[in-house]
Ligand SMILES: [Zn+2]
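In UniProt numbering, the protein residues as written are 1 to 277.
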């Protein structure tokens, strides 16, 4: 009995050693960044956030690089109001996301975007001496007031899939996120691809009703929901402005309209800043 327990302890020690040495060799890989991504900054556009236990407005503000006062204002709260787990908050636009590439320093990045290093540190909860890991997404707290920075610069702007009034905006609706905009139009109105791309979904999708999803580039997808008819199939390539469907009232919908979403890396953002005016 004694000998077998010594044996078990030895095995456990060996296993611990393997795990620890595995950790030790994993770190240089993280530092080098096996596959560095291009340093394209992603605009922080309005989105929403589901509050987790222990969250504070200040913590959320830091995570998104948006002032806590702005978040409070966007949600009709005061800074001293409590927030609770499961609550949805609208996070207004407030900065850029920048992915660290080899050779970057905080000072380079601060200089490039014209923000003080201290603000960069504060926005990301970093200490001045902390190492900057390749691949880390940093929030760059810059103002997005200038309209020319709203269209993501390097990316093709989207065009309206249907012309009509926005009957329900992006944001919270009865405390639940509305992940796109509703564009009111008559049933049967042609729905056009907001940009060129590839059809990744076309068919029924629960509350979305008849849905088309287009992939436009490495990060952006657009959703067209509640369609009456769908004219495209998955895998098909479509041109900007091509008719892909018609407006309908399928799925959870109280009248004919197009529910239109823009997602960047799967996260829904307010489509309006992406759209050509
Ligand atoms: Zn909708």
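Built from N, CA and C at the ideal position, the CB exists for glycine as well.
As the structure is a prediction and not an experimental result, all values here were calculated from the model.
Extent of the continuous alpha helix (DSSP H) run through residue i
i           : result
residue 69  : 68-74
residue 242 : That residue, residue 242, is in no alpha helix (DSSP H); it is neither H nor E in DSSP.
residue 118 : 117-123
Residue i, DSSP secondary structure in three states
i           : result
residue 170 : coil
residue 207 : helix
residue 248 : strand
residue 280 : Past the boundaries of the shown model lies residue 280; the chain is included only from 1 to 277, so the question cannot be answered.
residue 108 : helix
residue 156 : coil
residue 200 : strand
residue 26  : Note on residue 26: pLDDT 32, under 50, position unreliable in the model; the coordinate value appears next. Looking at residue 26 - three-state DSSP - the assignment turns out to be helix.
residue 273 : helix
residue 267 : strand
residue 49  : strand
residue 84  : coil
residue 37  : Note that residue 37 scores a pLDDT of 36, beneath 50, so its modelled location is shaky and nothing firm can be said.
Beta-carbon proximity of residue i to residue j, cut-off 8 Å
i           : j           : result
residue 271 : residue 181 : yes
residue 251 : residue 208 : yes
residue 243 : residue 231 : yes
residue 139 : residue 65  : yes
residue 128 : residue 62  : no
residue 193 : residue 211 : no
residue 82  : residue 275 : no
residue 191 : residue 240 : no
residue 259 : residue 205 : no
residue 46  : residue 92  : yes
residue 51  : residue 89  : yes
residue 74  : residue 53  : no
residue 222 : residue 262 : yes
residue 171 : residue 49  : no
residue 178 : residue 168 : yes
Contacting residues, own chain, Cβ-Cβ under 6 Å from residue i (five flanking each side not counted)
i           : result
residue 220 : 264
residue 39  : Its pLDDT being 38, under 50, residue 39 is placed unreliably by the model, and nothing is read from it.
residue 137 : 97 and 99
residue 165 : 184
residue 196 : 239 and 240
residue 87  : 51
residue 266 : none
Extent of the continuous beta strand (DSSP E) run through residue i
i           : result
residue 231 : It is not in any beta strand (DSSP E) - residue 231 carries neither H nor E in the DSSP assignment.
residue 140 : 137-140
residue 90  : 88-91
residue 258 : 257-264
residue 182 : 181-184
residue 191 : 190-192
residue 178 : 176-178
Own chain, CB closer than 8 Å to residue i, minus 5 neighbours either side, in chain order
i           : result
residue 304 : This structure cannot settle anything about residue 304, because the visible part of the chain is limited to 1 through 277.
residue 159 : 192, 194, 195, 240, 241, 275 and 276
Same chain, Cβ closer than 7 Å to residue i, neighbours up to 5 away in sequence not counted
i           : result
residue 187 : 228, 247, 248, 249 and 256
residue 116 : 110
residue 234 : 199, 200, 201 and 202
residue 76  : none
residue 278 : Outside the shown range of the chain, which is 1 to 277, sits residue 278, and nothing can be said about it.
residue 237 : 198
residue 69  : 79
residue 125 : 62
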